[in-house]
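A.B. asks: Residue numbers (my numbering), protein chains in the order written: chain A, 1 to 388; chain B, 389 to 776.
Below is the structure:
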């Protein structure tokens, strides 16, 4: 385990069928005024909205609704949510939905009691909260982002054409999350597989860094193998509880800081994908899928040892009589085959990107180090062109 | 992921070289009177004792020493520790040592403010604490038990010839643990490998249950592969930081409730091993090593599918042209080879057990379900005889 680190993740998880009833154990710990955050209303179709309202009322809460959180929550919506929280003296935020709803809830939670503009403070200056944070609980309806057990909150600014994630510390993590895999059944298959790819790429982004061989590398491989197996079962039968529950659980552990321990991490696929998202408003997981292979093929020569290991340990490539580069390439080819099989986007054109957006997307790409190669702007442009 | 479960593990971990200095961030959160618990004095040899005293004094604490915790902490020692805590109005317990020291600290923490006898309450009646719990922090000097991030507390009663573990809930888990892998360098190799086997068997005991294929199974395999790899490096060179740090980190995740999620778990090796420990006072990890192969060979036919998977995924056994039983047996044989290689005990005779103790050990063995086969007393006797 390279370097020094701390691990602290105090989110309590309630997992399984009918786990929503655990809200009754959690709600009494918080104040009376609850901001109920959700998205486009799919929670009403599956009866979850009614169940949540019933439990909130049973617990004597005053409910302030904040619906309409979009797939890529905007800074305008964030400012609206902050106003709702302030106007109603909100004591607790309950997010019911997918990763976007949870992300948005956390962004609101750190902005209610600050006098500064949240976009400037958290997404331009990347400051940490120095004000009281309104506690957040989540009821998760989609597997993918890991937002249910981390401090991440991605916000999009359409005016500035920027989609930026701030990963806050443990104090911003949800106090609890309810994870009933059956809620994810209602999701269209395209959303399900986008979520699955999001999970897979979260793992890649922590795995493809460093030449080391530490516990996190083994855990990352385990999560990848599990996600690959379960994704195939879930695509065949979206009502396969075992598959959907494994995917949901893997998503949480793919991005709750555990497998980043001892790693430098390489978040460039997210950085490029988010720039694509800012221009196209495409589904997050699909933007990652569409840029990831061009990115990994490009950086592979700088990290060939790890890509070889990936091929053998994750994709069962037989290394006999092959060079490291050949093995590594076969691994990426197997990954492409799986992506095609589950049906994620393999290019950004089908997400609405056009060649005239490339320069702007490159400008919107935040270049991070931590990976095998620190990209130049020209390299980002080439990767985006390869992704068209 | 089978069944419903919750996950909540609020222990904060500080990992890496010189991580002891993080005590300065933690100590101010707790009261003035600190019970300093440690073992036989090895922490004095490595200079850790002086460092801890310095930091406690810098933070204005009143120190009450409670040294002499033995490898298998006894109920007599526990009662003594409780008296020390009561007599000195202890606000916080700092455990500096290995798993036994941490276990003992937790047992004291739940016993200070109860009027009942802790052995009867927690180890005979298995009740949960209904009194205030004194917060515990740990500075870990040995990798193995996982006690630094769980609620487990094993106590031995020599008079009753019983060694019993109570796994308490999250409220009893250490508030924080300091994990500096360099502290483990001072450990004799025999203690190091006993700890390594303890880790490995914790993983086995969660893995060998259920026929399912859930995330926990993949994570368990990852931890086993990592431990096998690092143990070989550490036996060659006990000062290999990468190996020792991986072992320390794997130990924590092997027994902090994560890989038990969705599993029924089978703790019979611990149950039989603890009975051997109660009679011989042998090192915990060695008692597990000495009884595990006879146990796993015996139950294999009832769980052959999982033992086959274990052989292929953990030990890289080539399954071509072999029956499930053959593959499974080759896996256990590979495990035996590794145990021999790192030098753990392969029989209980060398730990001081004699055939006249077998009946008593069988009586001291708590029979649990959860595994592939619920043992009878006669089967326990046969396994113990095979272990001689």
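Heads up, the beta-carbon is just placed ideally off N, CA and C, and yes, glycines get one too.
(1) Taking only three categories from DSSP, how would you classify residue 2 (chain A)?
(2) Just to confirm before moving on: does the CB-CB distance between residue 104 (chain A) and residue 67 (chain A) stay below 8 angstroms?
(3) Which residue marks the beginning of the beta strand (DSSP E) containing residue 138 (chain A), and which one marks its end?
(4) Just list the alpha helix (DSSP H) runs in the segment 207-278 of chain A, keeping only unbroken ones of 4 residues or longer that don't cross its boundaries, in chain order.
(5) Rounded to the nearest angstrom, what separates residue 200 (chain A) and residue 223 (chain A) at their Cα positions?
(6) Please report the distance separating the alpha-carbon of residue 143 (chain A) from that of residue 744 (chain B).
(7) Determine the DSSP secondary structure at residue 143 (chain A), reduced to helix, strand or coil.
(8) Given residue 147 (chain A), which residues of its chain have a CB within under 7 angstroms of its CB, disregarding the five upstream and five downstream residues?
(9) Please report the Cβ distance between residue 567 (chain B) and residue 407 (chain B), rounded to the nearest whole angstrom; I am assuming they are in contact, meaning their Cβ atoms lie under 8 angstroms.
(10) For residue 34 (chain A) and residue 431 (chain B), what's the separation of their Cα atoms in angstroms?
(11) Inspect the CB distances between the segment 539-552 of chain B and the segment 611-627 of chain B and report whether three or more fall short of 8 angstroms.
(12) Leaving out five residues before and five after residue 219 (chain A) in sequence, what residues of the same chain have Cβ atoms less than 6 angstroms from its Cβ?
(13) Please name the residue or residues paired with residue 544 (chain B) in a DSSP beta bridge.
(14) With 9 angstroms as the limit, tell me which residues of the segment 580-610 of chain B have their beta carbon closer than that to any beta carbon of chain A; keep them in chain order.
(15) When the Cα atoms are used, what is the spatial distance from residue 496 (chain B) to residue 533 (chain B)?
(16) Give me the subset of the segment 399-420 of chain B whose CB atoms are less than 9 angstroms from a CB atom of chain A, sorted by chain position.
(17) Residue 641 (chain B): buried (16+ other C-beta within 10 angstroms of its C-beta) or exposed?
(18) Please check if any C-beta of chain A sits within less than 8 angstroms of the C-beta of residue 634 (chain B).
(19) Should residue 655 (chain B) be flagged as near chain A, meaning a C-beta pair shorter than 8 angstroms?
(20) Compute the distance between the beta-carbons of residue 484 (chain B) and residue 450 (chain B), then report whether it is under 8 angstroms.
(21) If you check the beta carbons only, do residue 294 (chain A) and residue 387 (chain A) fall under 8 angstroms apart?
(22) Compute the distance between the beta-carbons of residue 556 (chain B) and residue 539 (chain B), then report whether it is under 8 angstroms.
(23) Am I right that residue 783 (chain B) and residue 756 (chain B) are in contact with their C-beta atoms under 8 angstroms? What's the rounded C-beta distance?
(24) Does chain A have any CB closer than 8 angstroms to the CB of residue 389 (chain B)?
(25) Comparing alpha-carbon positions, which option in B:735, B:760, B:721 and B:773 lies nearest residue 746 (chain B)?
(26) Just list the alpha helix (DSSP H) runs in the segment 269-340 of chain A, keeping only unbroken ones of 4 residues or longer that don't cross its boundaries, in chain order.
(27) Residue 747 (chain B) lies in the alpha helix (DSSP H); which residues open and close that run?
(28) Check residue 92 (chain A) in the structure and name its three-state DSSP category.
(29) Does the beta-carbon of residue 836 (chain B) have 16 or more other beta-carbons within 10 angstroms, so that it is buried, or is it exposed?
(30) Against chain A, which members of the segment 685-707 of chain B pass a CB distance test of less than 7 angstroms?
(31) Should residue 523 (chain B) go down as buried or exposed, given a rule of 16 or more other Cβ atoms within 10 Å for buried?
(32) If you follow the beta strand (DSSP E) that residue 33 (chain A) is in, where does it begin and where does it stop?
(33) Along the chain, where does the alpha helix (DSSP H) containing residue 106 (chain A) start, and where does it finish?
(34) What residues in its chain sit with their C-beta under 6 angstroms from that of residue 235 (chain A), if we drop five residues either side in the sequence?
(35) To the nearest angstrom, report how far apart residue 670 (chain B) and residue 204 (chain A) are at their CA atoms.
(36) Hey, does residue 509 (chain B) have any beta-carbon neighbour from chain A nearer than 8 angstroms?
C.D. replies: If we stick to the structure as given:
(1) coil
(2) no
(3) 136-140
(4) Complete alpha helix (DSSP H) runs here, min 4: 215-236 and 241-254.
(5) 8 angstroms
(6) Straight through space, the alpha carbons of residue 744 (chain B) and residue 143 (chain A) are spaced by roughly 56 angstroms.
(7) Shown here, residue 143 (chain A) sits in coil according to DSSP, grouped into three states, outside any helix or strand.
(8) 99, 102 and 103
(9) 7 angstroms
(10) 50 angstroms
(11) no
(12) 259
(13) Here residue 544 (chain B) is bridged, per DSSP, to B:462 and B:551.
(14) Per Cβ criterion, the list reads 600, 601, 602, 603, 604, 605, 606, 607, 608, 609 and 610.
(15) 18 angstroms
(16) For the segment 399-420 of chain B, which is checked against every Cβ of chain A, the residues closer than 9 angstroms are 399, 400, 401, 402, 403, 404, 405, 406, 407 and 410.
(17) buried
(18) yes
(19) no
(20) Not closer than 8 angstroms, so no.
(21) Yes; because the gap between Cβ atoms is below 8 angstroms, this pair is in contact.
(22) yes
(23) Beyond the ends of chain B as shown, which are 389 and 776, falls residue 783 (chain B); an answer cannot be given.
(24) yes
(25) B:773
(26) 284-299 and 304-315
(27) 746-752
(28) strand
(29) No answer is possible for residue 836 (chain B): the residues shown for chain B start at 389 and end at 776.
(30) none
(31) buried
(32) First-last of the beta strand (DSSP E) with residue 33 (chain A): 33-38.
(33) Residue 106 (chain A) -> alpha helix (DSSP H) spans 99-109.
(34) For residue 235 (chain A), where only same-chain residues beyond five positions count, the Cβ hits under 6 angstroms are 342.
(35) 44 angstroms
(36) no
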